[in-house]
Each structure stands twice: as structure tokens, then as C-alpha cells.
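Student:
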Amino acid sequence: MTSITTNEKTSMNKIYSLQILRAFAAWLVVYHHYMLLFHNHESKTLIGNVMSTRGSFGVDLFFILSGLVMYLVSENTTITATRFFVKRVTRVTPAYWFYTSILIALLFIFPKGFGFTDFNYESLIKSYFLIPSQNPSGIGLFPVLTVGWTLIFEMVFYTMLAISIGISKKHSVLICSSLVLFSSLFFPGGNLYSTVLGSSQICQFLYGFAIGFYFRSNIFKKLNNLFSSYTQASVLLTVALIMLAGVLGFGLMHKTIAASCIVLSCILLDSKFSYSNWLAKFLIKSGDYSYSIYLSHVLVLGVLLHFAGNNFSMLQEMGILLIMTVTVHSISSFSYKYIENGVVPRVLNRVFIPQKTANKVLKSDS
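Counting from 1 along the sequence shown, just add 1164 to a position and that's the residue number in the numbering used here.
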């Protein structure tokens, strides 16, 4: 769920459509959780039903996008395992710790709105360090800041990739893929950590790897010479719609295929669109804010639920949705500038990354 760093944006050759897709994925999750907390996923409207049943698809998009970005980052031959891992940690933890701490305070101030989560000493410590643990509220294996469950998956994936880079930079993607695929053999069902390491969902990152490999391959170039981008994207988006419609079922594999097709379509069509207009710029910036959107919306929803409850008219609901959307966007804008890219990440990078190494890598990235 983490946002893309400046160097990672450069490695993606400014594929703005993927930034917009990140924003789309984040807001899908926001409205999905709105439907959960305010309506228990029950809706008589089409859009409400779509958000209830398909809003979680935003997570699938995030995981595949993350795998793609990490594939492109791994192409940097000057990167070290330590630098890679520290950069990942400093991207994830400051904002996550900040919003977890705020949530703990809100649990005491607005208890009615945050009945979906709770903590004790053990679960709190594990939440901060992204270690799987039972949430005392009874909802299952979730951190205090419940959306943090996806960050557990991401950090496990980043750890595997860091180990792989340490073993062999040249073959890091192949080694990481092997670690992910075979992790279920070492963490069989019944083990607490098998919920992540033995989960099929962690394999979604590998689909991002596959897209990155295809994107950089001669096959991609040859197909672009044979078929137009519009033709390829039309086929891919048709497949995605079939998967999302549930015609063939709607499980993890269907969502993974759909997300992969959408990501590939964005890459194919990226050069066909203009990003100079205000709407495109706004959406691209929202992509930058996507990590903060993902973390902060839980707090905003809880406060709104405390004051508004879930018994209101359609007009009142429109007001709640407007307040929620504007508030989440505003908080995320501030958070991106001053928390994600503030003093704490810079200090951590200076402390844990030798400056000679950092300067060498920065020169190679420029």
C-alpha cells in the first residue's frame, strides 16, 4: 500500500496511469469500508452493492502494483539489500505508527465509532511491529489499525526480496519468487504465521513481477508491433470485466487475473492520454496520497460513525460521504507531505544508510 518514491517513479518512466490506478484502488477500499461500517455490506442500490462486493478489489490492485514496482526497483544493480530494506521500512512505518497512535487515542475519545477494533498490551506491541496477532475485538488476525493486515503481507514480501538481493542482485527476482512459492511448505496451516507465508494472496506480488518482466521483454515490443495498444487493452479489459462480474466465480484467482489485466491495460494505454489537464494532475497527486488515504480513512470513518450512527436519510448520507471524502483527501495531502516525506523518514535513512552508499545510488538513479 505504500506510496511510490521519487526514484521508483523514475524507474517506471513516469507511467502516470499507474499512479491514477493507485488512487482508484485506495478509494475503492475507502468506500468498501464505508459500506461495511455503516451498512454491514447491505445495500439496495447498484453502486452500494458494487462497493460492498467488489471494493476490496483495491487490495488486489495494490499488491500487483507493488510487485511490479519492486521488479523495476530490483533492476537497479547498485542497490544493496540493506538500503532496499531500510527504504521500505522508512516508507511504511512512520505513517503507519502515526495513524496507529492516533487510533489508540480515538478509541478512548469516540468508543461508539471504533467498536470494530481493540487492543491489549501484547496485541499493541505486535501491531506496531506488524506481527500477526488476534485483535481483542474478536474480528480475527488484525492489527489495531485494521488495514495494517495488508502491510504485514507487504513487509514479508519486502523482507524476502531484500534477502534475495543480498544473495544475488542479478537473480533477486527469481530467488524471491522461489521463496514466496515455497514458503507454504515451511509454514503449513495451523501455524500463526501461515496466515501470511502460507497464504495464496502473497503470490499476487509475483504477478506484479511477471508484468514487470513482460513489460521489459522483447515479447511486449513485438506484440505492440503486431497489435495496437487499443486492441490489446480492449481484450484485457474484457477479460477483467468477465472476472469481476463473477460469471466464472469470484475468488482470489479471478481477482488476481482481473487486476493483472487492468494493470497491463494501463501500461498499454498510458501514452495515449494527456496528463496536462487539471483533472489528470489531481488524480496523479491522489495516487501519491494513496498510502495515507488507505491508513487515515479508518480513523475518519470511526469518528463519523460515532457522531452520525447508521440510521440516516439519503440526503444525510450524501453529506456524510462528502465530509468523509473531503476530510480523508485533506488529511492525506498533509500526511503525504509532512509524515510520509517528513523529518522522520529522512532521519531514519541517514542513520541506517551509509551516506557514501546513498550518494552513489542517487547518482546512478539521476
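Backbone N, C-alpha and C fix where the C-beta goes; we use that ideal spot for every residue, glycine too.
Predicted, not measured: the structure shown is a model, and the values here were computed from it.
What separation, rounded to the nearest whole angstrom, lies between the Cα atoms of Lys1436 and Tyr1458?
Tutor: 29 Å
Student: Determine the burial state of Val1515: buried for a count of at least 16 other Cβ atoms within 10 Å of its Cβ, exposed for fewer.
Tutor: exposed
Student: Within its chain, find whatever has a CB closer than 6 Å to the CB of Phe1249; leave out the 5 residues flanking it on each side and keep chain order.
Tutor: Closer than 6 Å at the Cβ level, and outside the excluded window around Phe1249, lie Ala1326.
Student: Select from Thr1264, Phe1280, Lys1290, Phe1377 the residue whose C-alpha is nearest the C-alpha of Tyr1235.
Tutor: From the listed residues Thr1264, Phe1280, Lys1290, Phe1377, the smallest Cα separation to Tyr1235 is found for Phe1377.
Student: Kindly give me the distance between the Cβ atoms of Phe1317 and Ile1366, rounded to whole angstroms, as I take these residues to be in contact under 8 Å.
Tutor: 6 Å
Student: I believe Asn1513 touches Thr1242 by the beta-carbon criterion, under 8 Å. Please report the beta-carbon distance rounded to the nearest angstrom.
Tutor: At roughly 16 Å, the Cβ-Cβ gap does not stay under 8 Å, so Asn1513 and Thr1242 are not in contact.
Student: Kindly list the residues whose CB is nearer than 7 Å to the CB of Ser1119, restricted to its own chain and excluding five residues on each side of it in sequence; keep chain order.
Tutor: With the chain covering 1165 to 1530 only, the question about residue 1119 has no answer from this structure.
Student: If you drop the 5 nearest sequence neighbours on each side, which residues of the same chain put their C-beta closer than 6 Å to that of Ile1149?
Tutor: The structure shown has nothing for residue 1149, since the chain only spans 1165 to 1530.
Student: At a cut of 8 Å, does the segment 1192-1212 reach the segment 1398-1405 through at least three beta carbon pairs?
Tutor: no
Student: Pull up the distance between the alpha-carbon of Lys1419 and that of Phe1188, whole angstroms please.
Tutor: 15 Å
Student: Could you check the C-alpha separation between Tyr1260 and Phe1293 for me, to the nearest Å?
Tutor: 10 Å
Student: Short of 6 Å in beta carbon distance, which residues of its chain neighbour Ser1528, apart from the five on each side in sequence? Order them along the chain.
Tutor: Only weak support is given to the placement of Ser1528: the predicted model assigns it a pLDDT of 42, under 50, and the question is left unresolved by the model.
Student: Taking just the CA atoms, how far does Asn1389 sit from Phe1221?
Tutor: 32 Å
Student: Answer with buried or exposed for Phe1369, where buried requires no fewer than 16 other C-beta atoms within 10 angstroms of its C-beta.
Tutor: Taking all protein chains shown into account, Phe1369 has 16 or more neighbouring C-beta atoms within 10 Å of its C-beta and is therefore buried.
Student: If Ser1291 and Val1308 are in contact, beta carbons under 8 Å, what's the gap, nearest whole angstrom?
Tutor: 4 Å
Student: Suppose the cutoff is 6 Å on Cβ atoms and the five residues either side in sequence are ignored; what does the same chain contact list for Ile1331 look like?
Tutor: Ile1339
Student: I need the boundaries of the alpha helix (DSSP H) containing Cys1430, first residue and last residue.
Tutor: 1416-1433
Student: Gly1277 and His1493 - do their beta-carbons sit closer together than 7 Å?
Tutor: no
Student: Below 7 Å CB to CB, which residues in the same chain sit around Phe1373 once its five sequence neighbours on both sides are set aside?
Tutor: Gly1231, Tyr1235, Val1337, Ser1341
Student: Could you please give the first and the last residue of the uninterrupted alpha helix (DSSP H) stretch that includes Lys1386?
Tutor: 1382-1390
Student: My output table needs one value for Val1515: the three-state DSSP class, helix, strand or coil.
Tutor: Val1515: helix per DSSP, three-state reduction.
Student: Which same chain residues end up closer than 8 Å to Ser1181 when comparing Cβ atoms and leaving out the 5 residues on each side of it in sequence?
Tutor: Cys1430, Ile1431, Leu1433, Asp1434, Phe1437
Student: Nearest by alpha-carbon distance to Gly1362: which of Ser1265, Lys1178, Ser1347 is it?
Tutor: Ser1347
Student: So the alpha helix (DSSP H) Phe1188 belongs to, where does it begin and stop?
Tutor: 1180-1203
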